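2 protein chains.
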Amino acid sequence: MTGLVTCRNSRSRLLFVTSNMNKVLEAKSILGKFGIVFKHLNLKYPEIQAESLRVIASESARYLYERLSNPLFIEDSGLFIDALGGFPGPYSSYTYKTIGNNGILKLMEGTSRRSARFESVVVYIDSPKSIHIFTGVVKGTISSTIRGQKWGFDPIFIPEGKSQTYAEMGFDEKQMVSHRRIALEKFAFWMVKKL
Amino acid sequence: MTGLVTCRNSRSRLLFVTSNMNKVLEAKSILGKFGIVFKHLNLKYPEIQAESLRVIASESARYLYERLSNPLFIEDSGLFIDALGGFPGPYSSYTYKTIGNNGILKLMEGTSRRSARFESVVVYIDSPKSIHIFTGVVKGTISSTIRGQKWGFDPIFIPEGKSQTYAEMGFDEKQMVSHRRIALEKFAFWMVKKL
Chain A
318 MTGLVTCRNS RSRLLFVTSN MNKVLEAKSI LGKFGIVFKH LNLKYPEIQA
368 ESLRVIASES ARYLYERLSN PLFIEDSGLF IDALGGFPGP YSSYTYKTIG
418 NNGILKLMEG TSRRSARFES VVVYIDSPKS IHIFTGVVKG TISSTIRGQK
468 WGFDPIFIPE GKSQTYAEMG FDEKQMVSHR RIALEKFAFW MVKKL
Chain B
318 MTGLVTCRNS RSRLLFVTSN MNKVLEAKSI LGKFGIVFKH LNLKYPEIQA
368 ESLRVIASES ARYLYERLSN PLFIEDSGLF IDALGGFPGP YSSYTYKTIG
418 NNGILKLMEG TSRRSARFES VVVYIDSPKS IHIFTGVVKG TISSTIRGQK
468 WGFDPIFIPE GKSQTYAEMG FDEKQMVSHR RIALEKFAFW MVKKL
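Chains as they are written, first to last, in this note's numbering: chain A, 318 to 512; chain B, 318 to 512.
Now the structure itself:
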């Protein structure tokens, strides 16, 4: 789509900081189409407790930039269920590890209001005063059973207008409706225009 | 029990940083018996995401000390339910605000393993390299219905050896078996010895 987007020297090459290899693959596939190259830094970093993914990810990006002094981006996502007041939201990973999909389905038993949304937030930072946030939101519903084998809440989330859960879709099909793809694409369009 | 524990001038008087007035009352009652006087600083502060209350509270204490440069303590607590892999644990406040006691009881429906523990962590800091942690743990079980009117998960937690939930007990009775009292008393004994 455009020329290769890299910084002038290797020390300031764009970094994607994450300890989740699935995110790396998804980002490579999406940003690659825009000619954007990044280096993966496999690192866990602190996240604050807050109800907004934007706040959590911005704080983490600031923390990382202070230590790395290098342009970087991170991604955070969560499932927000309306009938549960937004739960599990920012604590989706912990909730998945503890009560899992079975726990969510149990909480939703007898609930006809099954609307939910998956949110992804990509935060890019290249100076202490320059933070840019890109969000992807996919609305959908919570299924009544676990359908499909993938990680996280993918087996219980049916995107709007579809009949399959995220987990029942193939990689390409999922990417077509993925909240993370939307956020990463917004970031990519912005990066390409910026240069 | 001993003389008044204060620092040499008012600028370095011991601070208790919390936005929760109930914690202030509990701390005044317990530390007061030891002659320990503190100043309440009504402030919300960042907490990181982690599975251990000790880690979360230590990081917050460091953060506050960096900004206030004054001896201070904070308290954090959570309910850890064995059958739910420790959930809600460090995210007890958020979980209470979203799915509440009804949500926890729903998750526990049909579960005979009802063991749980309430944990309290008090962290005291008086220099960047001097952090002291005091914990209070009370084992118990999750009730099958909501019993009592108090805040948080008190209406569904029955301490070991008791038949009432935390919420059904009066203030004094609750303090006798409170996880927060245990942690605050450990802190008080240590403070008194220190001086």
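All residues carry an ideal CB built from backbone N, CA and C; glycine is no exception. This structure is a prediction, so every number in the text was calculated from the model and none was measured.
Tell whether a beta-carbon distance below 8 Å holds between residue i and residue j.
i, j, result
"Asn418 of chain A", "Ile473 of chain A", "yes"
"Ile442 of chain B", "Tyr382 of chain B", "yes"
"Ser437 of chain B", "Glu392 of chain B", "yes"
"Arg498 of chain A", "Gly453 of chain A", "yes"
"Ser409 of chain A", "Phe355 of chain A", "no"
"Leu401 of chain B", "Phe435 of chain B", "no"
"Glu477 of chain B", "Gly457 of chain B", "yes"
"Thr415 of chain A", "Gly403 of chain B", "yes"
"Tyr362 of chain A", "Ser346 of chain A", "no"
"Leu260 of chain B", "Leu424 of chain A", "A question about residue 260 of chain B goes unanswered here, because the residues of chain B that appear run from 318 up to 512."
"Asp394 of chain A", "His496 of chain A", "The sequence given here has Ser at residue 394 of chain A, not Asp. Yes, they are a contact pair."
Can you check whether the C-beta of residue i is within less than 8 Å of a C-beta belonging to chain B?
i, result
"Thr428 of chain A", "no"
"Lys446 of chain A", "no"
"Ile416 of chain A", "yes"
"Gly469 of chain A", "no"
"Phe435 of chain A", "no"
"Gly465 of chain A", "no"
"Tyr411 of chain A", "yes"
"Lys511 of chain A", "no"
"Phe333 of chain A", "no"
Can you give me the Cβ contacts of residue i inside the same chain, cut-off strictly under 6 Å, excluding the 5 residues immediately before and after it?
i, result
"Leu348 of chain B", "Ala505"
"Arg325 of chain B", "At Arg325 of chain B, the pLDDT of 42 sits below 50, so the modelled position is not reliable; the number obtained from the coordinates is stated separately. Here the set comprises nothing."
"His357 of chain B", "Phe333, Val341"
"Ser460 of chain B", "Ile473, Ile475, Thr482"
"Trp507 of chain A", "none"
"Gln492 of chain B", "Arg498"
For residue i, collect the residues of the same chain with a Cβ closer than 8 Å to its Cβ; drop the 5 residues on either side in sequence, then sort them by chain order.
i, result
"Ser369 of chain B", "Pro407"
"Val372 of chain B", "Ile365"
"Arg379 of chain A", "Ile442, Pro445, Ile448"
"Lys467 of chain A", "Tyr483, Ala484"
Taking Cβ positions only, does residue i come closer than 8 Å to chain A?
i, result
"Ile365 of chain B", "yes"
"Phe451 of chain B", "no"
"Phe474 of chain B", "no"
"Gly420 of chain B", "yes"
"Leu424 of chain B", "yes"
"Tyr441 of chain B", "no"
"Phe404 of chain B", "yes"
"Ile459 of chain B", "no"
Strictly under 8 Å for the Cβ-Cβ distance: is residue i near chain E by that measure?
i, result
"Leu370 of chain A", "The structure shown contains no chain E; the protein chains it does contain are A and B."
Between which residues of its own chain and residue i is the CB-CB distance below 7 Å, once the five residues before and five after are set aside?
i, result
"Val439 of chain A", "Phe390, Glu392, Phe451, Ala500, Leu501, Phe504"
"Ile399 of chain B", "In the sequence on display, residue 399 of chain B carries Asp and not Ile. Once the five neighbours on either side are set aside, the close Cβ partners of Asp399 of chain B are Arg430, Ser432, Ala433."
"Asn359 of chain B", "Ser336"
"Ser375 of chain A", "Val440, Ile448, Ile450"
"Val494 of chain A", "Val455, Pro476, Lys479"
"Ala367 of chain A", "Ile373, Pro407"
"Tyr413 of chain B", "Gly469, Phe470"
Practice task
Can you give me, in chain order, the residues of the region 378-402 of chain B that have a beta carbon less than 8 Å from any beta carbon in chain A?
Solution key: Leu401, Gly402
Exercise for the section: Pull out every residue of the region 476-509 of chain B whose Cβ sits closer than 8 Å to any Cβ of chain A, in chain order. Expected result: none
Handout entry: Contained alpha helix (DSSP H) runs [length at least 4] in the region 352-418 of chain B, N- to C-terminal order
Key = 370-385, 409-415
Problem - Completely contained alpha helix (DSSP H) runs for the region 476-505 of chain A, where each covers 4 or more residues - result: 488-493
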